[in-house]
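Undergrad: According to the UniProt record's numbering, the sequence shown is numbered sequentially starting from 1.
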Amino acid sequence: MLELFEYMDQRRPKVLINTFEELEPTVVAEMKTHMDVFAVGPMVGSWTEARIHLFKHDDADRERYMDWLGTQPEKSVVYVSFGSVSKYKRQQMEEVVHGLKRCGRPYLLVVRKDGLEKHEDSMSDISDSETVQRQGMVVEWCDQLEVLSHTAVGCFVTHCGWNSTLEAVVSGVP
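1. Spatial neighbours of L100 within its chain, please: CB distance less than 8 Å, with the 5 preceding and 5 following residues excluded, ordered by chain position.
2. Since K101 is in the alpha helix (DSSP H), which residue starts that stretch and which ends it?
3. Kindly indicate the opening and closing residues of the beta strand (DSSP E) around G136.
4. Restricting to Cα atoms, I'd like to know which of D67, E24, D36 is closest to P42.
5. Tell me whether the region 90-99 and the region 159-167 touch, counting them as touching only if at least three CB pairs, one residue from each stretch, are closer than 8 Å.
6. Quick check: does the Cβ of Y107 come within less than 7 Å of any heavy atom belonging to the ligand NAD?
7. Would V103 be called buried (16 or more neighbouring beta carbons within 10 Å of its own) or exposed?
8. Quick check: what's the CA-CA separation for P13 versus M35?
9. Let me confirm a value: L69 is counted as buried when at least 16 other C-beta atoms fall within 10 Å, else exposed. Which label applies?
10. Alpha carbon to alpha carbon, what distance is there between V153 and Q72?
11. Grab me the residues of N18's own chain with a C-beta within less than 8 Å of its C-beta, minus the 5 sequence neighbours each way, in chain order.
12. For L23, which of helix, strand or coil comes out of DSSP?
13. Pick helix, strand or coil for G154, following the three-state DSSP scheme.
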């Protein structure tokens with residue numbers, strides 16, 4: 001295999017990209033005018049118990065959110081996760097929760113411990129409110145691919161990071 005890549009490198013640079021041509025035909029076509037590009041995506045594994053986890057997370061809520069998803073009608077849950085990097089003001093997250101409550105759909109909202117700006121309080125009082133407990137669930141982390149693969153999830157509100165986008169496409173969740 002190494003010999004094959006060495007041979008390919010001698011001729012012209014090769015680039016493997018984590019997308020597929022049908023998703024981004026214009027971009028892939030333009031890239032091909034400059035280099036040999038191979039669209040090999042989406043490079044998203046399927047959800048299985050044997051899956052390798054690159055990041056260790058304390059998923060203490062897993063049983064709780066998976067059991068909760070199991071009680072929801074098919075394609076009814078709005079799953080909301082804004083990625084693992086950005087931080088938000090508490091007021092912004094309160095508005096997200098307010099919008100989720102008003103939409104009337106069951107929801108699963110991920111708010112990381114470190115997802116609020118440093119001077120902001122935690123979301124615990126919001127996630128403990130009676131309305132939230134009736135209609136939705138707020139967790140600090142969840143296995144996104146496992147959640148997106150669940151039949152109860154019908155909508156994904158995301159920060160539109162590339163991995164999240166591909167996981168949604170692969171899982172068939174708009």
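We put the beta carbon where it would ideally sit given N, CA and C, even for glycine.
Computed from a predicted model, the values in this text were never measured in an experiment.
TA: Walking through what the data contain:
1. As a position in the sequence shown, residue 100 is number 100, starting the count at 1. V78, V80, Y107, L109, Q135, G136.
2. As a first step, residue 101 is located in the sequence shown; it is residue number 101 there, counting from the start. Start and end: 90-103.
3. Looking up residue 136 in the sequence shown gives position 136. That run of the beta strand (DSSP E) goes 136-139.
4. Walking along the sequence shown from the start, residue 42 turns up at place 42. The candidate whose alpha carbon is nearest that of P42 is E24.
5. Note that the region 90-99 does not touch the region 159-167; fewer than 3 beta-carbon pairs, one per stretch, sit closer than 8 Å.
6. With respect to the ligand NAD, the structure shown offers nothing to examine, as it has no ligands at all.
7. Within the sequence shown, the letter at position 103 stands for residue 103. As written in the sequence, residue 103 is Cys, which differs from the Val given in the question. So C103 counts as exposed.
8. Sequence index remark: in the sequence shown, residue 13 carries index 13 (1-based). Sequence index remark: in the sequence shown, residue 35 carries index 35 (1-based). Cα atoms of P13 and M35: separation of roughly 6 Å, rounded to the nearest angstrom.
9. The residue you call residue 69 lines up with position 69 of the sequence shown. Classification of L69: buried, given that the 10 Å Cβ count is 16 or more.
10. Within the sequence shown, numbered from 1, the residue matching residue 72 stands at position 72. Within the sequence shown, numbered from 1, the residue matching residue 153 stands at position 153. Roughly 9 Å between the two C-alpha positions.
11. For this step, residue 18 is matched to residue 18 along the sequence shown. Excluding sequence neighbours, N18 sits near V40, G41, P42, M43, W162, L166.
12. In the sequence shown, the residue the question calls residue 23 occupies position 23. L23 falls in the coil class under three-state DSSP.
13. As a working mapping, residue 154 is identified with position 154 in the sequence shown. Note: G154 maps to strand in three-state DSSP.
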